[in-house]
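Student:
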């Protein structure tokens with residue numbers, strides 16, 4: 190019999206003909222272990238409700254289904270097991286009808302029912318296909334870049350130390366990152382991460398995760414603690430909630446009634462303060478302020494369950510509206526009740542963050558207007574998001590621009606990955622061309638007009654944060670240095686020897702490429718490094734030779750006032766082609782000006 194939580198994974202087929210791993214949290218089914226079940230069911234994407242065909246719907250089945258409904262678990266599949274024990278088809282049909290009737294009272298009424306047998310293996314392939322289809326149709330987990338992992342298991346391994354597991358509810362953790370364990374406010378560092386016993390460098394929202402922590406012992410942690418990024422969340426002992434009492438609850442909920450709160454993986458004794466009503470009848474919804482016996486870590490929108498301590502049974506559940514209420518509210522205060530009604534649509538900072546994630550990048554003025562918050566509320570919400578480090582503000586020439594932390598990381602990580610790949614493909618080039626970087630940013634921020642000014646602003650911010658460098662032509666990794674291989678350097682030396690032999694009439698571009706074996710990237714490298722200078726008519730000069738010619742022509746002009754093409758040709762004993770290319774480049778660089786057949790200094 191399952192008494193505590195169990196963890197495993199299964200390989201399910203995907204639409205592309207491949208397969209992917211899906212994490213499983215095995216929770217106790219027996220009615221005596223509902224508390225352990227509640228520690229594992231939070232944060233799941235779908236439920237596999239197991240009902241034995243020879244027994245049918247049991248009391249614990251009803252309570253489990255009620256909990257799934259209260260927690261708004263998005264989807265479910267019913268596995269009708271032990272069908273090999275049923276000889277009468279009519280009995281099996283009656284059980285299926287009974288299950289369907291039970292589901293009809295919940296939001297999981299469309300859950301498919303799949304008869305299976307572990308003995309004959311009948312229906313197991315169909316069950317896998319049904320689960321795979323169900324999960325593929327679910328929307329991806331929302332990522333607000335604020336990682337939060339409620340701990341449901343704690344243990345240690347020799348040579349590794351403390352390991353905690355849980356379902357990552359948001360954001361991503363990375364190896365080497367410093368984290369905080371709340372509510373004890375203990376600091377630790379991530380030594381390694383595992384998903385399905387596979388080492389990973391970073392995690393994804395919704396994944397089952399094992400974190401190897403250094404700097405904290407197992408005796409300092411407890412189930413229900415939460416691993417977070419430092420300075421993003423704080424604990425609370427007061428929580429404002431919307432609550433629904435189950436229709437089959439044995440009695441009304443009273444003011445100041447003792448309850449057990451189950452949220453995330455935590456179980457916390459609390460007192461339910463009933464707001465706006467004397468009592469709450471079975472089946473009714475209302476506002477509660479929960480006074481907790483010890484601190485909890487919750488955010489707005491979290492689903493929770495309340496249970497009666499003795500005799501133990503599920504009372505109902507609901508949604509966290511405000512995880513940090515300012516104080517204990519008066520029970521029938523109209524202003525407080527109106528505030529709770531407003532919060533039922535979301536906290537102002539959550540509304541502002543959702544708006545920012547929708548707009549992706551915007552100004553402060555446009556953000557507050559789009560969120561439809563009054564100026565004072567909007568300003569407070571913006572301050573709260575700054576405190577949570579949930580957004581990034583970038584100074585611009587006219588007005589700062591704002592991105593959600595998630596959008597900023599998409600920009601920074603996406604552009605860094607592309608630049609890294611460019612360096613791998615083209616190790617001799619300075620970096621990714623700015624035009625390609627701008628096109629990529631347009632892809633990373635769909636719906637945002639990446640103007641030249643905005644593009645430059647984003648690049649400047651990446652440089653300020655020492656993430657990427659840029660110049661007039663390219664974007665590059667700060668620690669990248671283009672360097673030819675030993676064989677390429679030999680080819681370069683051959684070319685430069687040819688240039689040194691005839692500094693004022695060296696090989697033109699076509700001949701230089703031939704000496705380089707047709708390697709255009711190698712020629713571009715020499716041009717980017719300033720070793721060679723490209724002039725008009727495919728003329729190439731060593732940088733030092735071009736500088737020397739410019740210096741001599743400048744001295745000649747200072748002494749004689751002007752210079753002709755023929756005079757430059759004779760001065761360097763070169764051809765008309767090279768003399769003309771040098772003079773035209775001096776014109777372009779605004780060192781000289783043409784007057785008739787001669788040049789004069791500007």
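Residue numbers (our numbering): 190 to 791.
C-beta: ideal position from N, C-alpha, C; glycine also.
Straight-line CA distance for residue 720 to residue 714?
Tutor: Going from the Cα of residue 720 to the Cα of residue 714 covers about 9 Å.
Student: Short check: CB of residue 673 to CB of residue 711, under 8 Å?
Tutor: It is a contact, given that the beta carbons lie within the stated cut-off.
Student: From this set, 352, 286, 430, which residue's C-alpha is nearest residue 492's C-alpha?
Tutor: Per the Cα distances, 430.
Student: Could you check the C-alpha separation between residue 532 and residue 510 for me, to the nearest Å?
Tutor: Whole-angstrom Cα-Cα distance: 6 Å.
Student: Pull up the CB-CB distance for residue 396 and residue 212, whole angstroms please, since I reckon it's below 8 Å.
Tutor: Going by Cβ atoms, the distance from residue 396 to residue 212 rounds to 7 Å, so yes, they are a contact pair.
Student: Comparing alpha-carbon positions, which option in 284, 277, 338 lies nearest residue 232?
Tutor: The residue with the shortest Cα to Cα distance from residue 232 is 338.
Student: Which residue from 746, 694, 733 puts its Cα closest to that of residue 726?
Tutor: Here the closest residue by C-alpha is 694.
Student: Would you kindly report the start and end of the unbroken alpha helix (DSSP H) that includes residue 612?
Tutor: Where residue 612 is concerned, the enclosing alpha helix (DSSP H) stretches over 594 to 614.
Student: State buried or exposed for residue 341, treating a residue as buried only when at least 16 other CB atoms are found within 10 Å of its CB.
Tutor: So residue 341 ends up on the buried side.
Student: Under a Cβ-count criterion, where at least 16 other Cβ atoms within 10 Å of its own Cβ denotes burial, should residue 676 be classed as buried or exposed?
Tutor: Residue 676 should be labelled exposed.
Student: Closest by CA to residue 308, which one among 546, 281, 274?
Tutor: Nearest option by C-alpha distance: 274.
Student: Quick one: give me the first and last residue of the alpha helix (DSSP H) that residue 198 is part of.
Tutor: Here residue 198 belongs to no alpha helix (DSSP H); instead the beta strand (DSSP E) covers 195 to 202.
Student: Compute the Euclidean distance between the alpha carbons of residue 635 and residue 591, then round it to the nearest angstrom.
Tutor: C-alpha separation (whole angstroms): 15 Å.
Student: Using DSSP with H/G/I as helix, E/B as strand and the rest coil, what is residue 349?
Tutor: In the structure shown, residue 349 sits in coil (DSSP, three-state: anything other than H, G, I, E or B).
Student: In chain order, what residues of the same chain lie with their CB nearer than 7 Å to the CB of residue 472, ignoring the 5 residues before and after it?
Tutor: Contacts found: 434, 436.
Student: Based on the DSSP output, what are the partners of residue 443 in its beta bridges?
Tutor: The partner list for residue 443 (beta bridge, DSSP) reads 468.
Student: Residue 754 lies in the alpha helix (DSSP H); which residues open and close that run?
Tutor: Element bounds for residue 754: 754 to 761.
Student: Which two residues bound the contiguous alpha helix (DSSP H) that contains residue 515?
Tutor: That residue, residue 515, is in no alpha helix (DSSP H); it is neither H nor E in DSSP.
Student: Please report the distance separating the alpha-carbon of residue 781 from that of residue 771.
Tutor: Distance between the alpha carbons of residue 781 and residue 771 is about 11 Å.
Student: So, under 8 Å CB-CB, residue 459 and residue 414 are touching, yes? Tell me the CB distance rounded to an integer number of Å.
Tutor: About 17 Å separates the two Cβ atoms, so there is no contact after all.
Student: With burial defined as no fewer than 16 other Cβ atoms inside 10 Å of the residue's Cβ, what is the status of residue 512: buried or exposed?
Tutor: Buried is the call here.
Student: Starting from residue 732, trace the alpha helix (DSSP H) both ways and give me its first and last residue.
Tutor: 732 to 749 is the span of the alpha helix (DSSP H), which, as asked, contains residue 732.
Student: Could you give the distance in angstroms between the alpha-carbon of residue 670 and the alpha-carbon of residue 227?
Tutor: Each residue's alpha carbon lies about 54 Å from the other.
Student: Give me whichever residues DSSP pairs with residue 270 in a beta bridge.
Tutor: According to DSSP, residue 270 bridges with 241.
Student: Once DSSP output is grouped into helix, strand and coil, what is the label at residue 503?
Tutor: Three-state result, residue 503: strand.
Student: Under a Cβ-count criterion, where at least 16 other Cβ atoms within 10 Å of its own Cβ denotes burial, should residue 521 be classed as buried or exposed?
Tutor: So residue 521 counts as exposed.
Student: Out of 356, 378, 355, 359, which one is the CA nearest neighbour of residue 366?
Tutor: The option with the nearest alpha carbon to residue 366 is 378.
Student: To the nearest angstrom, how far is the alpha carbon of residue 767 from that of residue 607?
Tutor: Each residue's alpha carbon lies about 40 Å from the other.
Student: Measure the beta-carbon distance from residue 800 to residue 321 and round it to whole angstroms, keeping in mind my assumption that it falls under 8 Å.
Tutor: There is no way to answer for residue 800, as the model of the chain reaches only from 190 to 791.
Student: CA-CA distance, residue 262 and residue 463?
Tutor: Answer to the nearest angstrom: the Cα atoms are 26 Å apart.
Student: If you count every other CB in all the chains shown that lies within 10 Å of the CB of residue 651, and 16 or more means buried, which is it?
Tutor: Buried, because 16 or more other Cβ atoms sit within 10 Å of the Cβ of residue 651.
Student: Tell me the DSSP secondary structure of residue 681 in three-state form.
Tutor: Three-state result, residue 681: helix.
Student: Give the DSSP bridge partners of residue 665, in chain order.
Tutor: Note: residue 665 sits in a beta bridge opposite 658.
Student: Secondary structure at residue 304, three-state DSSP: helix, strand or coil?
Tutor: Here residue 304 sits in strand by DSSP.
Student: Give the range of the beta strand (DSSP E) segment to which residue 639 is assigned.
Tutor: From DSSP, residue 639 is part of no beta strand (DSSP E); its letter is neither H nor E.
Student: When the Cα atoms are used, what is the spatial distance from residue 577 to residue 637?
Tutor: Roughly 25 Å separates the two Cα atoms.
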